[in-house]
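Enquirer: Quick note, the sequences are listed as chains E and B, same order.
Position one of the first sequence corresponds to residue 967 (the numbering used here), numbered consecutively onward.
Position one of the second sequence corresponds to residue 3 (the numbering used here), numbered consecutively onward.
Every residue, glycine too, gets a C-beta built ideally from N, C-alpha and C.
Here the structure is a predicted model, which is why all the values come from computation and not from measurement.
Below you will find the structure I want to go over with you.
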Amino acid sequence: MQVRMVTNSIFKGFCFLSTFTAVAILVMLLYHLFLKGTSHLDLDFLNSFSSRRPGRAGIKAALWGTLWLIGLTSLFALPLGVATAVYLEEYAEKSRLTRLLEINIANLAGVPSIIYGLLGLAIFVRFLGFDRSLWSGSLTLSLLILPVIIVASQGAIRSVPLSIREASFALGAQKWQVVLFVVLPAALPGILTGAILSLSRAIGETAPLIIVGAVGYMRFIPQTPNDDFTALPLQIYDWASRPQSGFHDIAASGILVLLAILLLFNLNAVIIRQKLQRYPS
Amino acid sequence: MRLSYSYALEAKALSVFYGDNKAVDEVSYGFKRNKVTAIIGPSGCVKSTLMRAMNRMHDFVPEVKIEGSLWYESEDIYDQRANPVLVRKKIGMVFQKPNPFPKSIAKNIVWGPKINRMSKNYKELIESSLKRAALWDEVKHRLEESALSLSGGQQQRLCIARSIAMDPDIILMDEPCSALDPKSTASIEELILTLREKYTILIVTHNMQQARRISDEVLFMYEGRLVESGDTEQMFENPRIGQTHDYIRGKFG
Ligand SMILES: Nc1ncnc2c1ncn2[C@@H]1O[C@H](COP(=O)(O)OP(=O)(O)OP(=O)(O)O)[C@@H](O)[C@H]1O
Ligand SMILES: [Mg+2]
């Protein structure tokens, strides 16, 4: 009796301590960032280009580059990912080959992002001749998040109950109508949540973008996908690797902006989930 | 080809296989028009399997094989040339667990007619279908609300209304009350009796009293075979076969 209670409280204490450590580190990190970053954080910072003088440098180019990347990447990866998931779940024969394919896709989700950078360099930059443009950057990020979107969408599609599929078949629906008008709408919250979370991973990526040749210093906003680009994590990386401490401070400000965007994204995921579940179309 | 106008639906030596396992064993029966026919029998005696064969719901399960024929109007619905989509439009189905779409009440009703382009006055269709399913008065002010906000019994009546909106000839019901409380069950039973005027109804039920209350004819199934069938009163008062007698008196099942 005694021993069991002691073990119990030791385990509980251990779990508490782990949680506490994780939270404490996070709080310290944020505190540090705010201390350094907030003094530069104003509209001017958002609205000016990078500069050799930290006091006048801003993230305009990087912010717009990141917005471009988000837009283009979702344009490529979402339809492709969802369509793949629909094919695998609804149409592919449940053969060993399909199973193998699925396992491989799931594994691809865990491949280090730098590998995708190298793939993007070989395919988009060199072979297709997109050079260091937004095309290369966003297509590379699309490759990176495609497996995650596929796996998340497959899960969402699979969780649509058989009963409402049967209901639609019993009303004289054909397969494509069931998939398009019943299964996908019902799976939408799950698909969107997966898409948003994977996009927010893409936003934070640096390595693959460096490899496909995104630049760290840019004094214009990309106007078309053919243009060069930079992105928030790259800009932050660029500043943080300079010797002057002034740049380290604005790097912290950049991180705060990046965190704000990520937070916005995740918040959106939560809202979409709840909205769609409460008011099904 | 043969004409079987006397029946709404006629199974002739209909068998259903799960892989090599013969689940439904050569069932032959003519289901009469505008009657309620109850299918009874112990759990696992393939009542649901038989029911799902009636509107080709087995098409989506690759390991299921069907033999024999099933005549609807003057056509065998398992004939190569038969169109399963048309079959399902004319032979509707209500499932054991209410399964409304996660959409509004109104959208649930018009979903089938819309995808089948049965262009119509949808407002009128919603009203008439819900009225026929005895649900109109309860939901007329909340047609745009989610169907999932309804009670179980209301959801099941919505599912019946959804079938009715397709203007079917036959409605198949697989234990439509088994997930419902006594009050909802009573309202559905009442509904079925009124639906008989316009539709032919096949209903699977575990509830002997229910079968007796609402059906005109009864089929007793056991281990995949049709053991005995006949007029409800006669089946309950003096069944010809001992097994039927024992089951109806609650000796097994
Ligand atoms: N997809 C399937 N593959 C193989 N066997 C199946 C499949 N579906 C059902 N069966 C088998 O068919 C038999 C009859 O099932 P069915 O659901 O038709 O019975 P039931 O009479 O409706 O039972 P209950 O009264 O419990 O609903 C069961 O033994 C079941 O294991
Ligand atoms: Mg059953």
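Quick one: is residue 1130 of chain E near chain B, going by C-beta distance under 8 Å?
Expert: What you label residue 1130 of chain E is simply residue 164 of the first sequence in a count that begins at 1. By this cut-off, residue 1130 of chain E is an interface position.
Enquirer: Taking Cβ positions only, does residue 1137 of chain E come closer than 8 Å to chain B?
Expert: Reading the first sequence from its first residue, position 171 is the one you call residue 1137 of chain E. Answer yes: the Cβ-Cβ gap between residue 1137 of chain E and chain B drops below 8 Å somewhere.
Enquirer: Which residues in the same chain as residue 68 of chain B place their Cβ atom closer than 8 Å to its Cβ, once the five residues preceding and following it in sequence are excluded?
Expert: By 1-based counting over the second sequence, the position of residue 68 of chain B is 66. Same-chain partners within the cutoff: 16, 17, 18, 19, 55, 60, 80.
Enquirer: Between which residues of its own chain and residue 1030 of chain E is the CB-CB distance below 7 Å, once the five residues before and five after are set aside?
Expert: Stepping through the first sequence from its first residue, residue 1030 of chain E is reached at position 64. These residues qualify, in order along the chain: 1187, 1188.
Enquirer: For residue 973 of chain E, count neighbouring C-beta atoms within 10 Å of its own C-beta (all shown protein chains included) and say buried if the count is 16 or more, exposed if not.
Expert: Within the first sequence, residue 973 of chain E is the residue found at index 7, counting from 1. Exposed, since its Cβ has fewer than 16 Cβ neighbours within 10 Å.
Enquirer: In the DSSP assignment, what are the bridge partners of residue 230 of chain B?
Expert: For the purposes of this step, residue 230 of chain B is taken as residue 228 along the second sequence, with counting starting at 1. Partner(s): B/222.
Enquirer: Between residue 1196 of chain E and the rest of its own chain, which residues show a CB-CB distance below 7 Å, the 5 nearest in sequence each way excluded?
Expert: Position 230 of the first sequence, counted from the first residue, corresponds to residue 1196 of chain E. So the list reads 1027, 1028, 1031, 1180, 1181, 1182, 1184, once near-sequence residues are dropped.
Enquirer: Go ahead and pull the three-state DSSP assignment for residue 1154 of chain E.
Expert: Taking the first residue of the first sequence as 1, we reach residue 1154 of chain E at position 188. The answer is helix: DSSP assigns residue 1154 of chain E an H, G or I state.
Enquirer: Please classify residue 1245 of chain E as buried or exposed, where buried requires at least 16 other C-beta atoms within 10 Å of its C-beta.
Expert: Indexing the first sequence from 1 puts residue 1245 of chain E at position 279. Summary for residue 1245 of chain E: the model assigns pLDDT 48, below 50, so the residue's position carries little reliability; its value from the coordinates is reported in the next sentence. Classification of residue 1245 of chain E: exposed, given that the 10 Å Cβ count is below 16.
Enquirer: Are the CB atoms of residue 1042 of chain E and residue 1261 of chain E within a distance shorter than 8 Å?
Expert: There is simply no residue 1261 of chain E to check, as chain E begins at 967 and stops at 1247 in what is shown.
Enquirer: Near residue 1007 of chain E, what residues of its chain come up, given a Cβ to Cβ distance below 7 Å and the 5 sequence neighbours on each side ignored?
Expert: On the first sequence, position 41 is the one that residue 1007 of chain E refers to. 1219, 1222, listed in sequence order.
Enquirer: Mind checking whether residue 93 of chain B and residue 174 of chain B have CB atoms under 8 Å apart?
Expert: For the purposes of this step, residue 93 of chain B is taken as the residue at position 91 of the second sequence. For the purposes of this step, residue 174 of chain B is taken as the residue at position 172 of the second sequence. Taking 8 Å as the Cβ cut-off, residue 93 of chain B and residue 174 of chain B qualify as a contacting pair.
Enquirer: Quick check: is any heavy atom of ligand 1 less than 7 Å from the C-beta of residue 48 of chain B?
Expert: Residue 48 of chain B sits at position 46 when you count from the first residue of the second sequence. Because some heavy atom of ligand 1 lies under 7 Å away, the Cβ of residue 48 of chain B counts as near it: yes.
Enquirer: Ligand 1 heavy atoms versus the CB of residue 249 of chain B: any closer than 7 Å?
Expert: The residue you call residue 249 of chain B lines up with position 247 of the second sequence. Every heavy atom of ligand 1 is 7 Å or more from the Cβ of residue 249 of chain B, so no.
Enquirer: Considering only their Cβ atoms, is the gap separating residue 1224 of chain E from residue 1170 of chain E smaller than 8 Å?
Expert: Counting from 1 along the first sequence, the entry for residue 1170 of chain E is found at position 204. Counting from 1 along the first sequence, the entry for residue 1224 of chain E is found at position 258. Going by C-beta atoms, residue 1170 of chain E is nearer than 8 Å to residue 1224 of chain E.
Enquirer: Is the CB of residue 1148 of chain E under 8 Å away from at least one CB in chain B?
Expert: The residue you call residue 1148 of chain E lines up with position 182 of the first sequence. It does: the Cβ of residue 1148 of chain E has a partner Cβ on chain B nearer than 8 Å.
Enquirer: DSSP on residue 1183 of chain E, reduced to helix/strand/coil?
Expert: Along the first sequence, one-based indexing puts residue 1183 of chain E at 217. The answer is coil: DSSP assigns residue 1183 of chain E none of H, G, I, E or B.
Enquirer: Report the residue from E/1136, E/991, E/1044, E/1120 whose alpha carbon sits nearest the alpha carbon of residue 1057 of chain E.
Expert: Along the first sequence, one-based indexing puts residue 1057 of chain E at 91. Of E/1136, E/991, E/1044, E/1120, the residue nearest in Cα terms is E/1120.
Enquirer: Please classify residue 85 of chain B as buried or exposed, where buried requires at least 16 other C-beta atoms within 10 Å of its C-beta.
Expert: Position 83 of the second sequence, counted from the start, is the residue given in the question as residue 85 of chain B. Counting Cβ neighbours within 10 Å, residue 85 of chain B comes out exposed, since fewer than 16 surround it.
Enquirer: Is residue 24 of chain B helix, strand or coil when you go by DSSP?
Expert: Within the second sequence, residue 24 of chain B is the residue found at index 22, counting from 1. Three-state result, residue 24 of chain B: strand.
Enquirer: Have a look at residue 241 of chain B and residue 1065 of chain E and give me their C-alpha separation to the nearest angstrom.
Expert: Against the second sequence, residue 241 of chain B aligns to sequence position 239. Against the first sequence, residue 1065 of chain E aligns to sequence position 99. Distance between the alpha carbons of residue 241 of chain B and residue 1065 of chain E is about 53 Å.
Enquirer: Let me check you understand the geometry: is the CB of residue 77 of chain B closer than 7 Å to at least one non-hydrogen atom of ligand 2?
Expert: Taking the second sequence and counting its residues from 1, the one referred to as residue 77 of chain B is at position 75. False, no ligand heavy atom lies under 7 Å from that Cβ.
Enquirer: Within its chain, find whatever has a CB closer than 6 Å to the CB of residue 1020 of chain E; leave out the 5 residues flanking it on each side and keep chain order.
Expert: Walking along the first sequence from the start, residue 1020 of chain E turns up at place 54. If we look at residue 1020 of chain E and ignore the five residues flanking it on each side, its Cβ neighbours are 1212, 1213, 1216.
Enquirer: Does any residue of chain E have a CB that is nearer than 8 Å to the CB of residue 99 of chain B?
Expert: Position 97 of the second sequence holds residue 99 of chain B. Yes, its Cβ sits closer than 8 Å to a Cβ of chain E.
Enquirer: Where does the unbroken beta strand (DSSP E) through residue 74 of chain B begin, and where does it stop?
Expert: Start at 1 with the first residue of the second sequence, and residue 74 of chain B comes out as number 72. Segment 66 to 74, the beta strand (DSSP E) holding residue 74 of chain B.
Enquirer: Mapping DSSP to helix, strand and coil, what is residue 191 of chain B?
Expert: What you label residue 191 of chain B is simply residue 189 of the second sequence in a count that begins at 1. Residue 191 of chain B: helix per DSSP, three-state reduction.
Enquirer: Taking the alpha-carbon positions, what's the residue 1129 of chain E to residue 1147 of chain E distance?
Expert: Taking the first sequence and counting its residues from 1, one reaches residue 1129 of chain E at position 163. Taking the first sequence and counting its residues from 1, one reaches residue 1147 of chain E at position 181. If I take the Cα positions, the gap works out to 15 Å.
Enquirer: At 7 Å on the CB atoms, spell out the chain B contacts of residue 1140 of chain E, in chain order.
Expert: Within the first sequence, the letter at position 174 stands for residue 1140 of chain E. Simply 87.
Enquirer: Between residue 994 of chain E and residue 1000 of chain E, what straight-line distance do the alpha-carbon atoms span, to the nearest angstrom?
Expert: In the first sequence, residue 994 of chain E corresponds to position 28, counting from 1. In the first sequence, residue 1000 of chain E corresponds to position 34, counting from 1. Straight-line Cα distance between these residues: approximately 10 Å.
Enquirer: If we ignore side chains and look at the alpha-carbon of each, how far apart do residue 1035 of chain E and residue 1082 of chain E end up?
Expert: Taking the first residue of the first sequence as position 1, residue 1035 of chain E is located at position 69. Taking the first residue of the first sequence as position 1, residue 1082 of chain E is located at position 116. Distance between the alpha carbons of residue 1035 of chain E and residue 1082 of chain E is about 16 Å.
Enquirer: Is the closest heavy atom of ligand 1 to the C-beta of residue 1048 of chain E under 7 Å?
Expert: Reading the first sequence from its first residue, position 82 is the one you call residue 1048 of chain E. Residue 1048 of chain E Cβ: outside cutoff for every heavy atom of ligand 1.
Enquirer: Below 7 Å on C-beta distance, what does residue 1143 of chain E contact in chain B?
Expert: Translated into positions along the first sequence, residue 1143 of chain E becomes position 177. Residues of chain B passing the Cβ test: 117.
Enquirer: Verify whether the separation of the beta carbon atoms of residue 1166 of chain E and residue 1090 of chain E is less than 8 Å.
Expert: Residue numbering aside, residue 1166 of chain E sits at position 200 when the first sequence is read from its first letter. Residue numbering aside, residue 1090 of chain E sits at position 124 when the first sequence is read from its first letter. No, these two residues do not count as a Cβ contact at 8 Å.
Enquirer: Can you tell me which of B/146, B/148, B/167 puts its alpha carbon nearest to the alpha carbon of residue 133 of chain B?
Expert: Counting from 1 along the second sequence, the entry for residue 133 of chain B is found at position 131. Of the listed residues, the one whose Cα sits closest to residue 133 of chain B is B/167.
Enquirer: Beta strand (DSSP E) containing residue 204 of chain B: first to last residue?
Expert: The residue you call residue 204 of chain B lines up with position 202 of the second sequence. Unbroken beta strand (DSSP E) run through residue 204 of chain B: 202 to 206.
Enquirer: Any heavy atom of ligand 2 within a distance shorter than 7 Å of the CB on residue 176 of chain B?
Expert: One-based indexing of the second sequence puts residue 176 of chain B at position 174. At least one heavy atom of ligand 2 is nearer than 7 Å to the Cβ of residue 176 of chain B, so yes.
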